[in-house]
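Engineer: I have a structure I would like to understand better, so I am pasting it below and will then ask my questions one at a time.
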């Protein structure tokens, strides 16, 4: 969540007005003082600017009613001239581009309300039908324009300009300015500024709490990317392709490949479990499937996230209860451990991709750059190519009589490598053959491992930085 003061764009509301009153109305039309903190963060969301009213020329509060599928907006702002407007724009971007704008205007025709669409480029707006809106009230009191209206959370009529605001974060752009008499046209005034912040309108919080909630979403994304792209990909690669490497070296009393694999996977487990908890705190439970493509995308992301987390937790539990090397069920474990781990990694990339891909030019984080998704795709392609190269090198090694049957330690305990039939083509060898492991080709594989690790680190760093600043 971020607060950005910005100059509002021109608003043209040449039609679709609702006349609700003339002159000054009484305070009885509104429940409570709009500057009061009554219900703020509990029954309604709001931008709390009571500590700096001199610069808070326009403000908004919202009260979600999921049972009726509407959000009640209360909008108020300084009446800067005899003919003036206050407006709120709902937009997936950090500016007025592609904004769905709702304006309350006091001009020669009286008190009116209208809806308009801001273009992606340029400053000429277009009036839109005031559909999906009910309970409109507009008044002027003590130099303030105030209005209330109910807006549907979604509108299933094919109108792509009517954004689905059910459990989806958007920027709210607020503005207060002059209006040309009789035309409903708002004009920029340099002294007037609008407050912009990314909010989930189905949640109730003050802007301070809202910022924390946005941080939770970003924290969730960063934790998952570090866990799966930065750690799990390296850990799985070590287990699949590097068991024969460094046969005479140990780390923490076990073979180097296993030490790295174990460290990566344990850290990944901790991070994605924390990330799983964080997002449930942010959402307040499990998402419900709503209408619209964006809602289905978020629901699919949530379902896959639960599946990935379950697989990620099941796999280390399987490893704890693995059969002893040489027993008949060991090969079953090897296949199951590989299948669950690989499936979790692949599904994690799909799940992360659902969060990063823009749907109808909308990102889950409204200010997230669209190219972030293609960085993820690039890493997936890079990882696939590297795995093919690793497999070619491994097959070449096997053809020369070397084996992947490398024990984790010199001790005769239950901690052993995959020493029987498994997913990577491992098969039982005699004790004489097992001792034939050589270091031949290790330089090439070490270089390849360095390149792969560097790619994972670069992709992870780029993605978490992009998410953090979104």
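Numbering (mature numbering (1 follows the signal peptide of the UniProt record, and there is no 0)), first residue to last: -21 to -1, 1 to 449.
Backbone N, C-alpha and C define an ideal beta-carbon position, used for all residues, glycine too.
No experiment lies behind these values; they were computed from the predicted model shown.
Would DSSP call residue 41 helix, strand or coil?
Structural biologist: Indexing the chain shown from 1 puts residue 41 at position 62. The answer is strand: DSSP assigns residue 41 an E or B state.
Engineer: So, with DSSP's three-state summary, where would you put residue 59?
Structural biologist: Translated into the one-based positions of the chain shown, residue 59 becomes position 80. Coil at residue 59, not helix or strand.
Engineer: Spatial neighbours of residue 432 within its chain, please: CB distance less than 8 angstroms, with the 5 preceding and 5 following residues excluded, ordered by chain position.
Structural biologist: Residue mapping note: residue 432 aligns to position 453 of the chain shown, counting from 1. 213.
Engineer: According to DSSP, is residue 332 part of a helix, a strand, or is it coil?
Structural biologist: The residue labelled residue 332 in the question sits at position 353 within the chain shown. Reduced to three states, the DSSP call for residue 332 is helix.
Engineer: Which class does residue 158 belong to by DSSP, given the choice of helix, strand or coil?
Structural biologist: Working through the chain shown from its first residue, we reach residue 158 at position 179. Strand, per DSSP.
Engineer: Assign residue 118 to one of three DSSP states: helix, strand, or coil.
Structural biologist: Counting from 1 along the chain shown, the entry for residue 118 is found at position 139. If DSSP states are grouped into helix, strand and coil, residue 118 belongs with the strands.
Engineer: Quick one: grab the DSSP three-state call for residue 183.
Structural biologist: Start at 1 with the first residue of the chain shown, and residue 183 comes out as number 204. It is coil, neither helix nor strand.
Engineer: Exposed or buried, what is residue -13 when buried is set at 16 or more other beta-carbons lying within 10 Å of its beta-carbon?
Structural biologist: Your numbering for residue -13 matches position 9 in the chain shown. Residue placement at residue -13 is poorly supported in this model, since its pLDDT is 31, which falls under 50; the coordinates still yield a value, given next. Classification for residue -13: buried.
Engineer: Taking C-alpha atoms, which residue in 359, 309, 66, 41 lies nearest to residue 331?
Structural biologist: The residue you call residue 331 lines up with position 352 of the chain shown. The option with the nearest alpha carbon to residue 331 is 359.
Engineer: Taking only heavy atoms of the ligand MG into account, decide whether any of them is closer than 7 angstroms to the Cβ of residue 63.
Structural biologist: Looking for the ligand MG in the displayed structure turns up nothing, as the structure carries no ligands at all.
Engineer: When you compare each of 180, 116, 107 to residue 132 by their alpha carbons, which one comes out closest?
Structural biologist: Working through the chain shown from its first residue, we reach residue 132 at position 153. Answer by Cα proximity: 180.
Engineer: Contact check, residue 67 vs residue 39 under 8 angstroms by CB: the rounded distance?
Structural biologist: As a working note, residue 67 is residue 88 in the chain shown. As a working note, residue 39 is residue 60 in the chain shown. Indeed, because the Cβ distance is near 5 angstroms, the residues count as touching under 8 angstroms.
Engineer: Over the uninterrupted alpha helix (DSSP H) stretch that includes residue 82, give me the two end residues.
Structural biologist: The sequence position of residue 82 within the chain shown is 103, counting from 1. Run containing residue 82: none in the alpha helix (DSSP H); it sits in the beta strand (DSSP E), 79 to 86.
Engineer: Classify residue 422: buried if its beta carbon has 16 or more other beta carbons within 10 angstroms, exposed otherwise.
Structural biologist: Translated into positions along the chain shown, residue 422 becomes position 443. It counts as exposed.
Engineer: Could you tell me the distance, in whole angstroms, from the CA atom of residue 151 to the CA atom of residue 276?
Structural biologist: Numbered from 1 along the chain shown, position 172 holds the residue referred to as residue 151. Numbered from 1 along the chain shown, position 297 holds the residue referred to as residue 276. For residue 151 and residue 276, the distance between alpha carbons rounds to 22 angstroms.
Engineer: Select from 89, 88, 87, 83 the residue whose C-alpha is nearest the C-alpha of residue 95.
Structural biologist: As a first step, residue 95 must be located in the chain shown, where it is residue number 116. The option with the nearest alpha carbon to residue 95 is 83.
Engineer: Can you give the Cα-Cα distance for residue 281 and residue 217, rounded to whole angstroms?
Structural biologist: Position 302 of the chain shown holds residue 281. Position 238 of the chain shown holds residue 217. When rounded, the distance between both Cα atoms is 29 angstroms.
Engineer: Are residue 462 and residue 202 closer than 8 angstroms when you measure CB to CB?
Structural biologist: There is simply no residue 462 to check, as the chain begins at -21 and stops at 449 in what is shown.
Engineer: So does the region 436 to 448 actually touch the region 350 to 367, counting three or more Cβ pairs closer than 8 angstroms?
Structural biologist: Flag = yes, the region 436 to 448 and the region 350 to 367 touch.
Engineer: Run through the DSSP bridge pairs and tell me what residue 95 is partnered with.
Structural biologist: Within the chain shown, residue 95 is the residue found at index 116, counting from 1. Residue 95 pairs with 80, 106.
Engineer: Compute the distance between the beta-carbons of residue 69 and residue 142, then report whether it is under 8 angstroms.
Structural biologist: Here residue 69 refers to the residue found at position 90 of the chain shown. Here residue 142 refers to the residue found at position 163 of the chain shown. Their beta carbons are under 8 angstroms apart, which means residue 69 touches residue 142 by this criterion.
Engineer: Have a look at 59, 25, 36 and flag the residue whose alpha-carbon is nearest the alpha-carbon of residue 53.
Structural biologist: Against the chain shown, residue 53 aligns to sequence position 74. Measuring from the Cα of residue 53, the nearest candidate turns out to be 25.
Engineer: Do the region 243 to 253 and the region 285 to 302 make contact, defined as three or more Cβ pairs closer than 8 angstroms?
Structural biologist: Because the criterion of three Cβ pairs below 8 angstroms is met, the region 243 to 253 and the region 285 to 302 touch.
Engineer: In the DSSP assignment, what residue or residues form a beta bridge with residue 127?
Structural biologist: By 1-based counting over the chain shown, the position of residue 127 is 148. Paired residues: 53, 116.
Engineer: How is residue 375 classed by DSSP in three states: helix, strand or coil?
Structural biologist: By one-based count along the chain shown, residue 375 stands at place 396. Residue state, collapsed to three classes: helix.
Engineer: For a test of the three-state rule: what should DSSP assign to residue 150, helix, strand or coil?
Structural biologist: Within the chain shown, the letter at position 171 stands for residue 150. Reduced to three states, the DSSP call for residue 150 is strand.
Engineer: According to DSSP, which residues form a beta bridge with residue 282?
Structural biologist: On the chain shown, residue 282 is found 303 positions in, with the first residue counted as 1. Residue 282 is not bridged to any residue.
Engineer: Where residue 427 and residue 224 are concerned, what is the direct C-alpha to C-alpha distance, given to the nearest angstrom?
Structural biologist: Residue numbering aside, residue 427 sits at position 448 when the chain shown is read from its first letter. Residue numbering aside, residue 224 sits at position 245 when the chain shown is read from its first letter. C-alpha separation (whole angstroms): 13 angstroms.
Engineer: Relative to the alpha-carbon of residue 127, which residue among 306, 114, 120 has its alpha-carbon at the smallest distance?
Structural biologist: In the chain shown, the residue the question calls residue 127 occupies position 148. Of 306, 114, 120, the residue nearest in Cα terms is 114.
Engineer: Who does residue 66 pair with in a DSSP beta bridge?
Structural biologist: Sequence index remark: in the chain shown, residue 66 carries index 87 (1-based). Looking at the DSSP assignment, residue 66 forms a beta bridge with 82, 154.
Engineer: Around the C-beta of residue 81, are 16 or more other C-beta atoms found within 10 angstroms, so that it is buried, or is it exposed?
Structural biologist: The residue labelled residue 81 in the question sits at position 102 within the chain shown. Residue 81 should be labelled buried.
Engineer: Could you check the C-alpha separation between residue 337 and residue 108 for me, to the nearest Å?
Structural biologist: In the chain shown, counting from the first residue as 1, residue 337 sits at position 358. In the chain shown, counting from the first residue as 1, residue 108 sits at position 129. If you take the alpha carbons of residue 337 and residue 108, they lie about 27 angstroms apart.
Engineer: What are the start and end residues of the alpha helix (DSSP H) that includes residue 210?
Structural biologist: Indexing the chain shown from 1 puts residue 210 at position 231. First-last for residue 210: undefined, no H or E at that position.
Engineer: Since I believe residue 61 is in contact with residue 140 (beta carbons under 8 angstroms), could you give me their beta-carbon distance rounded to a whole number of angstroms?
Structural biologist: Reading the chain shown from its first residue, position 161 is the one you call residue 140. Reading the chain shown from its first residue, position 82 is the one you call residue 61. The pair is not a contact, with the Cβ atoms about 31 angstroms apart (cut-off 8 angstroms).
Engineer: On the DSSP bridge assignment, give the partners of residue 230 in chain order.
Structural biologist: Residue 230 sits at position 251 when you count from the first residue of the chain shown. In DSSP, residue 230 forms a bridge with 233.
Engineer: Looking at residue 247 and residue 287, is the spacing between their C-beta atoms short of 8 angstroms?
Structural biologist: On the chain shown, position 308 is the one that residue 287 refers to. On the chain shown, position 268 is the one that residue 247 refers to. Going by C-beta atoms, residue 287 is not nearer than 8 angstroms to residue 247.
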